[in-house]
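Oh and the sequence shown: position 8 is 10 in the working numbering, straight run, nothing missing.
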Amino acid sequence: MSLYQVPPPEEVEPFSALQATRRRLTLWLAALSAIACMLVWCYDGAHGLNSAWATVAVPIIASGLVLGGLVIWLRPPWHNQAAALCNASVATYFIGSLITTTEAGGPDGLYEVASNAQFMPLLYLAAFVTMTKGAARLSWLTYVATALSYLWLYGADGAPGGDHIGHFWFMLLITHPIFILALSYVSVLHTRLKSAEVEVHTSRERFLAMLSHEIRTPLQGMLGSIDLLDLRVHGGGERRAVDRLRQIANQLTAHLRDLTEYTRMDNPAWRLQPEWIDLASLVEDICDEHLPRIRAKGLNLLVEVDDAPGLREVEIDPQRVRQVLDNLLNNALKYTPHGQITVRLAPQAAPPRATGAPQPPWLQLEVIDTGVGIATEAMPRIFEPYVRLEDRKLPRTEGSGLGLAVVRRLIDRLGGQMAVESAPDRGSRFVVCLPVHPTPPQSAAGNLERPAQTEPQ
Ligand code: ADP
3 MSLYQVPPPE EVEPFSALQA TRRRLTLWLA ALSAIACMLV WCYDGAHGLN SAWATVAVPI
63 IASGLVLGGL VIWLRPPWHN QAAALCNASV ATYFIGSLIT TTEAGGPDGL YEVASNAQFM
123 PLLYLAAFVT MTKGAARLSW LTYVATALSY LWLYGADGAP GGDHIGHFWF MLLITHPIFI
183 LALSYVSVLH TRLKSAEVEV HTSRERFLAM LSHEIRTPLQ GMLGSIDLLD LRVHGGGERR
243 AVDRLRQIAN QLTAHLRDLT EYTRMDNPAW RLQPEWIDLA SLVEDICDEH LPRIRAKGLN
303 LLVEVDDAPG LREVEIDPQR VRQVLDNLLN NALKYTPHGQ ITVRLAPQAA PPRATGAPQP
363 PWLQLEVIDT GVGIATEAMP RIFEPYVRLE DRKLPRTEGS GLGLAVVRRL IDRLGGQMAV
423 ESAPDRGSRF VVCLPVHPTP PQSAAGNLER PAQTEPQ
């Protein structure tokens, strides 16, 4: 039997991943800028090129950048404030440099002003790239501080004609609003694109929900009529026809559910709905629901649920767990011509975390069958959407090829992991590991307040 550890699905980068990328970028920018500042400062210092302002300000700015980077690293939720601190420190340095070099004047002063001023548009860009909000406000504040410095240096009449440094300041004050406005426009476009994307997903979801409702209602009617018909048929042939009808109606219902859920999960607004539930009972109930069909096919069902109290009251999304187990059981039933299906639920040790941070306990859910099995080279493909394996020794089975793709996405969203162990003709074992939040013992005793529900992921 070969074991395949299912990797997380490759998806369009979700918003949380984008945030993580932005955080990493800010961290790198802060670290590299701090190193660059200090290298230039040491080099210029050794050659006597540092101005009085640079001698004092550069180490302070570098410390601000290091501090900002550390905050982003250790306290990711404070990312925006830390990025603002980094950007504001660098802006302070540049404005201070412009003022001191203007005061020094002369050709060297002009060179200094020109070389410092060229970085200011980059500063606006850095604010828009690294900050999640408030970048435009910080950029305008920087601009206002620059304009006030100009007024302070030259007064309300402005720089006299022929003053090259003054002329440079003037150009700088004229061009900077254009940079800030252009960046604000790009940022607004980005926000609009994001909300348009959510809107597209929402309307597609609404359409699918409406469609699936319209199809599901007559399907339920059909299933009811099939049950009635079942009571009246006598002959073996008629009964087989009724069973086939029921099977098709059930399959249609399952396909509709998979299709709706798979499409829904594309929506960035998709959320888990965790509840405090008795997970062990949920698993037993789901198995009971499948039992008649399993028996009708002549198979055995073995359910082994560990009676650890940690599985009796846990915080998890019950609908999504149900969908995972339903799909795995449906497959086990479809692809097992004879033998047994086993469902196991047990607590499991949490996988070690690189940071060493405390981990919630995990559980392990297994669905094992004695069916046709899966070839090693086919294992990575079966988790792709709309992929079904052909050339089976079984009579043609119905399916959309979405079942395992939905399971893989759900497990990823539930923060879990999945593996499959199988070999042709030797059955399959699907193993799902999920993190859970068990109820603290006091709460289970019933006389203490229940802990607040954690934020859905
Ligand atoms: P469907 O069952 O609708 O075809 P799935 O995504 O659930 O779609 O499964 C993809 C493929 O993986 C199936 O077509 C089948 O070939 C294979 N498969 C899934 N579960 C099992 C199993 N328990 N035993 C053998 N093959 C399986």
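Where is the CB? At the ideal position from N, CA and C, for every residue including glycine.
Taking a contact as a CB-CB distance under 8 angstroms, the pair D328 and Q275 does not count as one, their CB atoms being some 17 angstroms apart.
By DSSP's assignment, Q342 forms a beta bridge with N302.
Separation of the CB atoms of V73 and C39 is rounded to 18 angstroms, and the pair is thereby denied contact status at 8 angstroms.
The C-alpha of L185 lies about 39 angstroms from the C-alpha of P387. Remark: C-beta atoms of V409 and L330 approach each other more closely than 8 angstroms. Annotation for I376: no alpha helix (DSSP H) segment contains it, and DSSP assigns it neither H nor E. In this structure, A32 lies near L67, with their beta-carbon atoms less than 8 angstroms apart.
Set against 7 angstroms, the gap from the CB of V244 to the closest heavy atom of the ligand ADP is not smaller. Between V433 and A421, the C-beta gap is smaller than 8 angstroms, which places the two residues in contact.
Between Q342 and L304, the C-beta gap is smaller than 8 angstroms, which places the two residues in contact. The C-alpha of I180 lies about 13 angstroms from the C-alpha of M122. Assignment of L274 by DSSP, reduced to helix, strand and coil, places it in the coil class. Counting along the chain, no alpha helix (DSSP H) covers L436; the unbroken beta strand (DSSP E) around it starts and ends at S430 to P437. The three-state secondary structure of Y337, taken from DSSP, is coil.
Beta-bridge partners assigned by DSSP to W364: Q350 and P437.
Residue state for Y156 is assigned as helix, using DSSP reduced to three classes. If you draw a straight line from the Cα of P363 to the Cα of L281, it is about 14 angstroms long.
Between the beta-carbon of R324 and that of I279 there is about 10 angstroms, and that puts the pair past the 8 angstroms contact cut.
When C-alpha distances from L5 are compared across G239, P382, K336 and G401, the shortest belongs to P382. Burial check for W154: the Cβ neighbour count within 10 Å stays below 16, so the residue is exposed.
Straight through space, the alpha carbons of I376 and L87 are spaced by roughly 55 angstroms.
Taking the C-beta atoms as reference points, L335 is found nearer than 8 angstroms to R295.
The count of Cβ pairs closer than 8 angstroms, one atom from the region 126 to 143 and one from the region 98 to 108, stays below three, leaving the stretches out of contact. By the Cβ neighbour-count rule, F385 is buried, with 16 or more other Cβ atoms within 10 Å of its own. Counting of Cβ neighbours within 10 angstroms places V115 among the buried residues, the total reaching 16 or more. Remark: C-beta atoms of D371 and G418 do not approach each other more closely than 8 angstroms. Within the same chain, and ignoring the five residues on either side of G71 in sequence, the residues whose Cβ sits closer than 6 angstroms to its Cβ are L29, A32 and A33. M3 sits exposed, since fewer than 16 C-beta atoms from the chains shown fall within 10 Å of its C-beta. Using a C-beta cut-off of 8 angstroms, the region 161 to 172 makes no contact with the region 202 to 215, since fewer than three inter-stretch Cβ pairs fall below that distance. 8 angstroms or more divides the Cβ of F170 from the Cβ of A93.
In the assembly as shown, D309 is an exposed residue. Its beta-carbon has fewer than 16 other beta-carbons within 10 Å. Distance from the Cα of V369 is smallest, within the candidate group T344, D260 and A64, for T344.
The continuous alpha helix (DSSP H) containing Y187 extends over residues H166 to R234. G405 places its beta carbon 8 angstroms or farther from that of D229. Residue state for V389 is assigned as coil, using DSSP reduced to three classes. A check of alpha carbon separations from R314 across R322, V438 and F172 identifies V438 as the nearest.
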